[in-house]
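Since the structure comes first, as C-alpha cells, the remarks are kept for the end.
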Ligand SMILES: Nc1ncnc2c1ncn2[C@@H]1O[C@H](COP(=O)(O)OP(=O)(O)OP(=O)(O)O)[C@@H](O)[C@H]1O
Ligand SMILES: [Mg+2]
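Residue numbers (our numbering), protein chains in the order written: chain A, 3 to 624; chain B, 2 to 181.
What follows is the structure, encoded as C-alpha cells:
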C-alpha cells in the first residue's frame with residue numbers, strides 16, 4: 003500500500019551513527035540489561051559472566067551501597083538494611099502492602115509512598131530502585147563503550163499510574179534518559195513475535211517474583227496490537243515463598259520471628275519451592291537464633307495444595323482479559339510463558355487447562371522481557387531497522403473522577419489504546435465561584451474509596467460569573483508510557499487559564515536534583531560531568547534533527563526570516579556546546595526547541611495531507 | 002496558543018479516507034488506522050525534538066479517538082448524526098415506546114437475578130441475546146442512515162442502543178463481580 007511508503011517526518015536521509023540504547027527489565031527478584039548489536043538483541047553480562055542481577059540493595063553504615071549478589075549473600079545477616087523485592091513498594095503506601103508485620107524492615111509511613119529506615123538513613127523505594135538501575139547503566143556503558151542516548155524500562159502491564167511514575171523517577175534518578183516505559187508482557191511478545199515471524203492472536207502469561215500480568219495481543223503485518231491486559235501487581239513467586247514460610251511456622255508451632263529468622267526462613271522457603279519444581283519432595287532445615295532446630299519435609303503435593311488458591315488467582319484476570327478482548331479461548335493461537343514462576347508445574351498445568359493447549363516455553367523466561375525492551379529501545383533511539391514495525395499498547399485500568407456521593411464516573415475505560423485523551427466540560431454551581439476541585443482516580447470499582455487516588459487538584463482563577471456560565475474544559479491525557487497528565491482551561495469570556503497537573507506522588511525536578519546531590523557513590527563533579535555529557539548528547543541530537551528537517555522542508559515551509567531565526571538559534575546552541583556548563587546548554591536547547599515549534603507543526607500538517615493523498619493513491623491502485 | 006494545525010479539525014471519515022456513511026468496510030478502516038499509526042505514533046518521534054514529539058502524541062491520540070468512534074456502530078451513528086446536525090437527544094428525550102421500556106425492565110431483572118445467583122452461564126446467555134438484539138438494531142440503523150436518510154428515526158434507534166449499551170455495561174460489571 004502506497005501509504006506505507008511515504009517517508010516519515012524527520013526521518014534522517016543520511017545514514018547516521020548507531021545510537022547506543024538499552025532495554026532494562028527491572029524485576030522484583032532479578033534485573034537485566036540488554037541491547038541490540040549488529041541487529042541482534044542480546045543480554046549484557048557482568049564481569050563474571052552473569053546476566054541476572056538480583057534486585058537486592060544493601061545499605062552500609064559508611065553510606066556505601068551493595069547491589070546484587072553481594073547484597074543477596076548477606077540478606078539474612080543484615081535483613082533490616084538489605085532490601086529485597088523493593089518493586090512491591092514502588093508507588094505504594096504502607097496500608098497497600100499486606101502483611102508488613104512479616105517483613106523484616108523498618109517502614110516509615112509517608113504520604114503517597116512508604117519509605118524504609120536503614121542504617122544510611124531513610125530511603126524511598128525510588129532511591130532503592132535507582133541503585134539497581136545505576137549498576138545496570140554502568141554495566142551497559144562499560145560494555146558498549148559510549149554515552150547512552152536512553153533506555154526503555156519495563157513495568158508490569160498492570161502497574162497503575164503511581165507505580166509507573168515511581169519507576170520513571172527511579173530511572174531519572176539513576177541518570178537514565180527514559181525513552182519509554184514498556185509493559186513487560188508486550189516486551190516479551192516483541193522478542194517472541196519478531197523471532198518467530200508469527201501472526202495471530204497470542205496470550206502472554208507473565209508470573210514473576212512479585213507481579214502477575216496477562217496480555218492478549220494481535221500480531222499482524224508488523225503491528226503488535228495489545229487487545230486487552232489484566233493482572234495483579236501484588237502476586238508472584240514471593241507469595242508462594244510466603245505461603246510455604248507460613249506453613250512452616252504452623253508446622254513447627256512458631257510464632258512471630260525476628261528479622262534475621264524471618265529472612266533466613268523465607269530464603270529457605272524459596273529454595274525449597276524451586277526444588278519442588280523438579281522433585282516430589284524436599285527438606286527445609288535451619289537453625290533459628292534461639293538455637294531451635296528446624297527440619298521439615300515438604301512434598302510437591304503439600305506445596306501444590308497450599309498454593310492452589312494463588313494459582314487460581316491468576317485465572318480471574320485471564321477470564322477478564324479475554325472478555326475485554328471479546329475473544330473466546332479457542333481463538334488464542336498460542337500462549338507465551340514469561341517469568342521464573344511459570345516454571346512451576348502446577349502453574350503450567352493450570353494455564354494449559356485454561357487455554358486448552360500446551361504453553362510455549364521455547365524462550366528463556368528470564369531474559370525475554372529484557373530482549374524485547376532492547377529491541378524497542380533501538381527503534382526509539384532512531385536506529386531504524388529495515389523491517390519496520392509498530393506497537394500499540396493499552397492502559398490497564400480505567401480512569402475516573404469522583405462525582406457526588408463518593409461515586410466514580412469513568413472517563414477513560416481500561417484497555418483503551420494509548421495515547422488517549424478525554425475532555426470534559428465543567429461549570430460552576432454557585433454565583434461568583436472562582437475555584438473548584440477535581441479528584442482523579444484509577445480502578446474499576448464504583449466507589450471512589452475502592453479505587454486508587456491519583457490526583458486531587460483545584461482549578462483556581464475562574465473569572466467570577468453567574469452559576470452555570472463558566473465553561474471549564476479539563477483534558478485527561480494518557481501518554482505512550484501510560485502516564486496521566488491533566489490540563490484545564492476556562493474558555494468563556496476569552497480567558498484561557500492553562501494548568502498542568504502532575505499526580506502528587508511523582509517527584510519534581512527539584513526533588514530529583516536534591517536526591518542526586520545527596521546520593522552517595524557519586525562525587526559532585528562526577529555528577530556535573532555526567533550532566534554535561536548528557537546535555538551535549540541531547541543538543542547534538544536536536545541539531546541533527548533540525549538540520550534534517552531544514553534539508554527536507556526548510557525551503558518549502560519557511561520564509562527567509564523564519565529560516566534565519568532558526569539558524570540563529572542553531573548557531574547559538576553550537577557556540578554553547580563547548581561551554582563547560584550544562585545549564586547554559588540546556589537553555590540554548592530550550593531556545594532552539596521554541597524556535598522550531600511552528601516549523602514542526604507545519605511539517606506535521608504536511609505529512610498528514612500526504613497520508614491522505616496516500617489513501618487516494620492506494621484506492622486508485624486497487 | 003493552539004498547537005494544532007488546520008487538518009486537525011477534519012472529520013474522522015476524511016482522516017481515515019472513508020466514505021461518509023454508516024455501513025463501512027471495517028477491514029479497510031482497520032487497515033487505514035494501522036497505516037496512520039505507523040506514521041504518527043509517538044514511537045516514531047521519540048528521537049526527534051520535543052515539539053514534534055508533542056504533535057505526534059496529539060495526532061496519535063486523535064487517530065485512536067477516530068478509530069474508536071468509527072469502529073463502534075453506536076459511536077459511529079452518533080458521530081454521523083452530529084455531522085448532519087442532528088441531535089440524538091439521548092439525555093433529553095425519554096419518551097420511549099412502552100413495549101421497549103417493559104422489555105428493559107425485564108432485562109434489568111434478569112441481569113440482577115443472574116448477578117445475585119453468581120450464575121455465569123446465565124450471564125453468558127444474556128450477553129448473547131443482547132448482542133443479537135443489538136445487531137438487529139444496527140442493521141436498521143444502516144438502512145435508515147444510508148438508504149432512507151431518515152435521521153430522526155435513526156436518532157430514535159440510537160437512543161434505544163444507548164439503553165443496550167448500559168445493559169452491556171451492567172452485564173460486564175456483573176461478570177467483574179463474579180471474579181471478586
Ligand atoms: N525453578 C523454579 N521453580 C519455581 N520458581 C522459580 C524457579 N526459578 C525461578 N523461580 C521463581 O521465579 C521468581 C523470579 O522470576 P523472575 O526473575 O521472572 O521475576 P522478576 O522479573 O524479578 O519479577 P517481576 O516480573 O514480578 O517483577 C522468583 O520468585 C523465583 O523463586
Ligand atoms: Mg519479570
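Where a beta carbon is used, it is the ideal one built from N, C-alpha and C, also for glycine. Small disclaimer: the values here were computed from a predicted structure and weren't measured.
Practice task
Mind reading off the beta-carbon distance from residue 61 of chain B to residue 398 of chain A? Whole number of angstroms is fine, and I expect it under 8 Å.
Solution key: With a Cβ gap of about 19 Å, residue 61 of chain B and residue 398 of chain A do not count as contacting.
Handout entry: Every unbroken alpha helix (DSSP H) inside the segment 137-209 of chain A [4 residues or more]
Key = Counting whole runs of 4 or more residues, the segment 137-209 of chain A contains the alpha helix (DSSP H) stretches 163-175, 186-198.
Handout entry: Between the CA atoms of residue 57 of chain B and residue 41 of chain B - distance to the nearest angstrom
Key = 6 Å
Handout entry: Residue-chain proximity (residue 405 of chain A, chain B), Cβ-Cβ < 8 Å
Key = no
Exercise for the section: List the residues of chain A that residue 103 of chain B touches, going by C-beta distances under 8 Å, in chain order. Expected result: Residue 103 of chain B does not reach chain A, its nearest Cβ partner there being about 27 Å away, counting only Cβ pairs nearer than 8 Å.
Problem - Contacts of residue 231 of chain A in chain B (Cβ-Cβ under 9 Å) - result: The premise fails here: residue 231 of chain A is roughly 15 Å from chain B at the closest Cβ pair, so nothing lies under 9 Å.
Practice task
Check whether the Cβ of residue 64 of chain A sits closer than 7 Å to any heavy atom of ligand 2, and report yes or no.
Solution key: In terms of side-chain proximity, the C-beta atom of residue 64 of chain A is found no nearer than 7 Å to any non-hydrogen atom of ligand 2.
Practice task
Specify the secondary structure class of residue 56 of chain A as computed by DSSP and reduced to three states.
Solution key: strand
Exercise for the section: Would you kindly work out how many angstroms separate the C-alpha atoms of residue 536 of chain A and residue 370 of chain A, rounded to a whole number? Expected result: 29 Å
Problem - Any C-beta of chain A under 8 Å from that of residue 50 of chain B - result: Closer than 8 Å to some Cβ of chain A, the Cβ of residue 50 of chain B qualifies, so yes.
Handout entry: Where residue 22 of chain B falls, given that 16 or more other Cβ within 10 Å makes a residue buried
Key = exposed
Practice task
Go ahead and pull the three-state DSSP assignment for residue 161 of chain B.
Solution key: helix
Practice task
Count the other CB atoms, across all protein chains shown, that sit within 10 Å of the CB of residue 226 of chain A; report buried if there are 16 or more and exposed otherwise.
Solution key: buried
Problem - Neighbour flag for residue 7 of chain A against chain B, beta carbons, 8 Å - result: Low local confidence applies: a pLDDT of 26 at residue 7 of chain A is under 50, so the model's placement there is unreliable, and no value is given.
Exercise for the section: Report the option in B/78, B/175, B/161 whose CA atom is closest to the CA atom of residue 120 of chain B. Expected result: B/175
Practice task
Tell me whether the beta-carbon of residue 209 of chain A lies closer than 8 Å to the beta-carbon of residue 341 of chain A.
Solution key: Residue 341 of chain A sits close to residue 209 of chain A, with the two beta carbons spaced by under 8 Å.
Problem - From B/15, B/55, B/17, residue whose alpha carbon lies closest to that of residue 596 of chain A - result: The shortest Cα separation from residue 596 of chain A among B/15, B/55, B/17 belongs to B/55.
Exercise for the section: Keeping to the same chain, check which residues put their C-beta closer than 6 Å to that of residue 316 of chain A; ignore five residues upstream and five downstream. Expected result: 214
Exercise for the section: Please confirm if the segment 445-462 of chain A is in contact with the segment 352-368 of chain A, defined as three or more CB-CB distances below 8 Å between the two stretches. Expected result: no
Practice task
Sort A/395, A/413, A/149 by Cα distance to residue 542 of chain A and report the nearest one.
Solution key: Ranking A/395, A/413, A/149 by Cα distance to residue 542 of chain A puts A/149 first.
Practice task
Please say whether residue 77 of chain B and residue 71 of chain B have beta carbons closer to each other than 8 Å?
Solution key: At the C-beta level, residue 71 of chain B and residue 77 of chain B come within 8 Å of one another.
Practice task
Figure out for me which residue from A/138, A/31, A/100 has the closest Cα to the Cα of residue 236 of chain A.
Solution key: A/100
Exercise for the section: Could you spell out the range, first to last residue, of the alpha helix (DSSP H) harbouring residue 382 of chain A? Expected result: 370-382
Handout entry: Beta carbon proximity, residue 53 of chain B to chain A, threshold 8 Å
Key = yes
Handout entry: Cβ-heavy atom distance, residue 206 of chain A to ligand 2, below 7 Å
Key = no
Handout entry: For residue 215 of chain A, three-class secondary structure by DSSP
Key = strand
Practice task
Have a look at residue 475 of chain A and residue 34 of chain B and give me their C-alpha separation to the nearest angstrom.
Solution key: 28 Å
Exercise for the section: Verify the CB distance criterion: does residue 589 of chain A have a CB-CB separation below 8 Å to chain B? Expected result: Judged by the 8 Å Cβ criterion, residue 589 of chain A is not in contact with chain B.
Handout entry: Under 7 Å (Cβ pairs) to chain A, residues found in the segment 157-177 of chain B
Key = Listed by position, the residues of the segment 157-177 of chain B near chain A (Cβ gap below 7 Å) are 176, 177.
Exercise for the section: Go through its chain and collect everything with a Cβ distance to residue 262 of chain A's Cβ below 8 Å, but skip five positions before and after it. Expected result: 78, 79, 81, 106, 291
Exercise for the section: With a threshold of 7 Å, establish whether the CB of residue 27 of chain A neighbours any heavy atom of ligand 1. Expected result: yes
Exercise for the section: Compare the C-alpha of residue 90 of chain B against each of B/156, B/116, B/47, B/43 and name the closest. Expected result: Nearest option by C-alpha distance: B/156.
Practice task
Using beta-carbon positions only, say whether residue 250 of chain A and residue 309 of chain A come within less than 8 Å of one another.
Solution key: no
Handout entry: the segment 375-392 of chain A in contact with the segment 402-410 of chain A per 3-pair CB rule at 8 Å
Key = no
Problem - Three-way DSSP call (helix, strand, coil) for residue 68 of chain B in this model - result: helix
Exercise for the section: Establish whether the CB of residue 133 of chain B and some CB of chain A are separated by less than 8 Å. Expected result: no
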